[in-house]
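K.L.:
Encoded as structure tokens, here's the structure I'll be asking about.
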Amino acid sequence: MKAMITTGYGSSDVFKLETVAKPQVKPDEIMVKIHASSVTKADTMMRTGKPYIGRLMLGLTKPKHPIWGTGFAGVVEAVGPEVTEFQVGDKVFGENIATMGTYAEYVTVPEKGIVAHLPENLSFDEAAGMCDGGITSLNFLLNLGQIQAGQRVLINGASGALGTAAIQIARHFGAEVTGVCSTKNLDMVKELGAHHVIDYTREDFTANTNTYDLIYETVGVRSFGECRDALTEHGIYASPVLGMPLLRNMMVTALFGKKKAKFSATGALPVKELRRLLDILLEIIEAGHLRGIMDRSYPLEQLVEAHQYVDKGHKKGNVVLKPVA
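As structure tokens, then:
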């Protein structure tokens, strides 16, 4: 099969197209012929090998998994003898966090991993990035933010993969949603269901004092210190972008004060919890309250260009890789 091999850490030029053997299906695994896989901001951050602490999981001097990529959607090509939930020909989607491997034509995933049957109201392209944006945002809104009907939720970076999913999920739970984005994305954010939109080029949302019960900072550009006054008395600031300032704020607010700073590495959660979040996500999708937002797609051999585009920081929703023409 064709696959993009990761040769090291650095710029997008670390990827190389090669022909490799198909992965072998273990007794409890399924093999998926990939129709679409996701290219995410997290992927581009891992590619750099920074912060260096991340290499403890990825590989110290070079990636321990030669084929990267986690999000996928496709058709079951083969099943192991212990598999009972899937059959050859089933349409599926998911997130292969443990061993990655989705920058390729085929991937094997555990039956009990983060994989599910494809809902009828999702295309392969929409589903490829659904777990990254959907499960991550569900974790931050539900687990960290304890979202409830009537809460005032602000999403900074509302037009990205995390943000577009978060708008729809927050609406599903009955929150009053404010989306922050650039001028060109205001209409899209409104159309997704945001009650209020803020153009960050014209207005600073942190000036809205004592306003938001939850600030979901998806892009990590506004700190807890900057957002503190915009939070209500027991407000929560949550961001998936961890740095020393956020780590310090988490430690301090865990002990002092009513306003809290929080972080979670969603991909590091136990598989049981990730599957629970996936089940909730499926309910939201099947209710018609969540759809995938597509920016653009690239053929497998143009992974370098896909990473270069994501690196610019202006993508709307998801970027997809197409191993199958």
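If you count the sequence shown from 1, you need to add 19 to reach the working numbering. The beta carbon of each residue, even a glycine, is placed where N, CA and C say it ideally should be.
List the endpoints of the continuous alpha helix (DSSP H) containing Arg241.
P.N.:
Careful: Arg241 lies outside any alpha helix (DSSP H) and carries neither H nor E.
K.L.:
List the whole-angstrom C-beta distance separating Glu124 from Pro342, where the pair is believed to meet the contact cut-off of C-beta under 8 Å.
P.N.:
With a Cβ gap of about 4 Å, Glu124 and Pro342 count as contacting.
K.L.:
From Phe224 to Ser156, what distance separates their C-alpha atoms?
P.N.:
Going by the C-alpha atoms only, they are around 20 Å apart.
K.L.:
Suppose you measure from the CA of Lys45 to the CA of Val128; what does that come to, to the nearest Å?
P.N.:
Answer to the nearest angstrom: the Cα atoms are 9 Å apart.
K.L.:
Just how far apart, CA to CA, sit Lys277 and Gly193?
P.N.:
Those two C-alpha atoms are separated by around 24 Å.
K.L.:
Could you give the DSSP three-state label for Tyr328: helix, strand or coil?
P.N.:
In the structure shown, Tyr328 sits in a helix (DSSP, three-state: H, G or I).
K.L.:
May I ask which residues mark the beginning and end of the alpha helix (DSSP H) holding Glu114?
P.N.:
Taken as a continuous stretch (DSSP letters only), Glu114 belongs to no alpha helix (DSSP H), being part of the beta strand (DSSP E) at 110 to 114.
K.L.:
Which of helix, strand or coil does DSSP assign to Glu139?
P.N.:
Coil, per DSSP.
K.L.:
DSSP three-state label for Glu305, please.
P.N.:
Of the three classes helix, strand and coil, the one that applies to Glu305 here is helix, per DSSP.
K.L.:
Using the C-alpha atoms, what's the distance from Glu114 back to Gly182?
P.N.:
Whole-angstrom Cα-Cα distance: 18 Å.
K.L.:
Helix, strand or coil, according to DSSP, for Leu261 in the structure here?
P.N.:
The answer is coil: DSSP assigns Leu261 none of H, G, I, E or B.
K.L.:
Can you check which of these residues, Leu36, Arg66, Ile53, Val51, is closest to Ser30 by C-alpha distance?
P.N.:
Answer by Cα proximity: Arg66.
K.L.:
What residues match up with Phe34 in a beta bridge as DSSP calls it?
P.N.:
DSSP lists Thr25 as partners of Phe34.
K.L.:
Check this for me: beta carbons of Ile86 and Gly120, under 7 Å apart or not?
P.N.:
It is a contact, given that the beta carbons lie within the stated cut-off.
K.L.:
Taking 6 Å as the limit between beta carbons, can you name the residues of its chain near Pro138, skipping five residues before and five after?
P.N.:
Taken in chain order, the residues that qualify are Ile304, Glu305.
K.L.:
What three-state label does DSSP hand Thr127 in the structure shown?
P.N.:
Of the three classes helix, strand and coil, the one that applies to Thr127 here is strand, per DSSP.
K.L.:
Could you tell me how far apart the beta carbons of Leu160 and Thr197 are, in whole angstroms, since I believe they sit closer than 8 Å?
P.N.:
Wrong, their Cβ atoms sit about 14 Å apart, outside the cutoff.
K.L.:
Taking only the alpha-carbon atoms, compute the straight-line gap between His214 and Gly176 and give it to the nearest angstrom.
P.N.:
If you take the alpha carbons of His214 and Gly176, they lie about 15 Å apart.
K.L.:
Could you compute how far the alpha carbon of Thr10 sits from the alpha carbon of Leu293?
P.N.:
Absent from the structure is residue 10, since the part of the chain shown begins at 20 and ends at 344.
K.L.:
Does the distance from the CB of Ala257 to the CB of Leu163 come in under 7 Å?
P.N.:
Cβ atoms of Ala257 and Leu163: closer than 7 Å.
K.L.:
Exposed or buried, what is His253 when buried is set at 16 or more other beta-carbons lying within 10 Å of its beta-carbon?
P.N.:
By the 10 Å Cβ count, His253 comes out exposed.
K.L.:
For Ile217 versus Val199, is the C-beta distance shorter than 7 Å?
P.N.:
In contact: Ile217 and Val199 (Cβ atoms closer than 7 Å).
K.L.:
For Thr59 and Ala180, which I take to be in contact (beta-carbon distance under 8 Å), what is that distance rounded to the nearest angstrom?
P.N.:
Contact holds; Cβ gap of about 6 Å.
K.L.:
Within 10 angstroms of its Cβ, does Thr63 collect 16 or more other Cβ (buried), or is it exposed?
P.N.:
Buried.
K.L.:
In whole angstroms, what separates the C-alpha of Ile24 from that of Asp206?
P.N.:
When rounded, the distance between both Cα atoms is 38 Å.
K.L.:
Just to check my reading of the structure: Ala184 and Gly153 have Cβ atoms closer than 8 Å, yes? What is that Cβ distance to the nearest angstrom?
P.N.:
Between Gly153 and Ala184 the Cβ distance is about 5 Å, and since that is below 8 Å, they are a contact.
K.L.:
Please classify Gly286 as buried or exposed, where buried requires at least 16 other C-beta atoms within 10 Å of its C-beta.
P.N.:
By the neighbour-count rule (16 or more Cβ atoms within 10 Å), Gly286 is buried.
K.L.:
Using a threshold of 7 Å, state whether the C-beta atoms of Glu96 and Lys52 are closer than that.
P.N.:
Yes, these two residues count as a Cβ contact at 7 Å.
K.L.:
Just to confirm the assignment: which complete alpha helix (DSSP H) runs, minimum length 4, are found wholly within the segment 61 to 110?
P.N.:
Listed in chain order, they are 74 to 77.
K.L.:
The beta strand (DSSP E) spanning Leu233 covers which residue range?
P.N.:
Run containing Leu233: 231 to 236, per the beta strand (DSSP E) assignment.
K.L.:
Measuring straight from C-alpha to C-alpha, what distance separates Ala168 and Glu195?
P.N.:
Going from the Cα of Ala168 to the Cα of Glu195 covers about 8 Å.
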